[in-house]
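Chemist: Next up is a structure, given as structure tokens.
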């Protein structure tokens, strides 16, 4: 069986960071992910997907992501249920993130809301140069964090030209 999810979307509100009683960081946020088709009125709809992130990535997500930030998530779907206050069973579906990628510099969200444009790549490809990127590889006995802080586009002004020859796929 395979349970893998890869999504890219924008945060609907700031990240909620909490800690378990034993001190393990856990963050929750929701990504708005556009559907690839339009409805009968010609409008694009979005799905709102709940994300759960653990440990150092939870702390990094809370520090670097905010409402409107563009993020890429790789993880797995997890379902659960609990009894609501009214006594009825409530079912939940979350994506538990193994990898969170911040797909734009911290200032981009603010610039975008003031009329700037976020770069777009045709054909559905996603920008792979993230700022900064935190990836967590987990195994039963080991956790490995890789941090990349350098933004190769920090000093550029205006749009960045990308040709098919520049893409690795």
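Residue numbers (the numbering used here): 1117 to 1285. Ideal Cβ positions, reconstructed from N, Cα and C, are used throughout, including at glycine.
(1) Return the chain-ordered list of same chain residues with a C-beta closer than 8 Å to the C-beta of residue 1198, the five sequence neighbours on each side being excluded.
(2) In whole angstroms, what is the alpha-carbon distance linking residue 1141 and residue 1277?
(3) Given that a residue counts as buried once 16 or more other Cβ atoms are within 10 Å of its Cβ, and exposed if not, what is residue 1126?
(4) Applying the criterion that 16 or more other CB atoms from any shown protein chain within 10 Å of the CB defines a buried residue, is residue 1280 buried or exposed?
(5) Along the chain, where does the beta strand (DSSP E) that runs through residue 1194 open and close?
(6) What is the DSSP secondary structure of residue 1220, reduced to helix, strand or coil?
(7) Taking only three categories from DSSP, how would you classify residue 1175?
(8) Return the bridge partner residues of residue 1150 from the DSSP annotation.
(9) Do you know how far the Cα of residue 1132 is from the Cα of residue 1166?
(10) If I measure Cβ to Cβ from residue 1129 and keep anything under 6 Å in the same chain, skipping five residues before and after, which residues do I get?
(11) How many Å lie between residue 1177 and residue 1220 at the Cα?
(12) How close, in whole Å, do the beta carbons of residue 1191 and residue 1124 come, if the pair is a contact with beta carbons under 8 Å?
(13) Which same chain residues, not among the five before or five after residue 1148, have their C-beta less than 6 Å away from its C-beta?
(14) If the criterion is Cβ atoms closer than 8 Å, does the pair residue 1216 and residue 1168 meet it?
Modeler: Well, looking at it:
(1) As a position in the chain shown, residue 1198 is number 82, starting the count at 1. So the list reads 1205, 1206 and 1208, once near-sequence residues are dropped.
(2) Taking the chain shown and counting its residues from 1, the one referred to as residue 1141 is at position 25. Taking the chain shown and counting its residues from 1, the one referred to as residue 1277 is at position 161. Near 39 Å, if we compare the C-alpha coordinates of residue 1277 and residue 1141.
(3) Locating residue 1126 in the chain shown gives position 10, where the first residue counts as 1. Buried, by the Cβ-count rule.
(4) For the purposes of this step, residue 1280 is taken as residue 164 along the chain shown, with counting starting at 1. Counting Cβ neighbours within 10 Å, residue 1280 comes out exposed, since fewer than 16 surround it.
(5) For the purposes of this step, residue 1194 is identified with residue 78 of the chain shown, where counting begins at 1. Element bounds for residue 1194: 1186-1199.
(6) Along the chain shown, one-based indexing puts residue 1220 at 104. The answer is coil: DSSP assigns residue 1220 none of H, G, I, E or B.
(7) Taking the first residue of the chain shown as position 1, residue 1175 is located at position 59. Residue 1175 falls in the helix class under three-state DSSP.
(8) Counted from its first residue, the chain shown places residue 1150 at position 34. DSSP output for residue 1150 lists 1162 as bridge partner(s).
(9) As a first step, residue 1166 must be located in the chain shown, where it is residue number 50. As a first step, residue 1132 must be located in the chain shown, where it is residue number 16. Those two C-alpha atoms are separated by around 12 Å.
(10) Looking up residue 1129 in the chain shown gives position 13. Around residue 1129: 1183.
(11) Mapped onto the chain shown, residue 1177 falls at position 61. Mapped onto the chain shown, residue 1220 falls at position 104. Roughly 13 Å between the two C-alpha positions.
(12) As a working mapping, residue 1191 is identified with position 75 in the chain shown. As a working mapping, residue 1124 is identified with position 8 in the chain shown. About 13 Å separates the two Cβ atoms, so there is no contact after all.
(13) Here residue 1148 is taken as the residue at index 32 of the chain shown, counted from 1. Same-chain partners within the cutoff: 1125, 1126, 1128, 1162 and 1164.
(14) In the chain shown, counting from the first residue as 1, residue 1216 sits at position 100. In the chain shown, counting from the first residue as 1, residue 1168 sits at position 52. Going by C-beta atoms, residue 1216 is not nearer than 8 Å to residue 1168.
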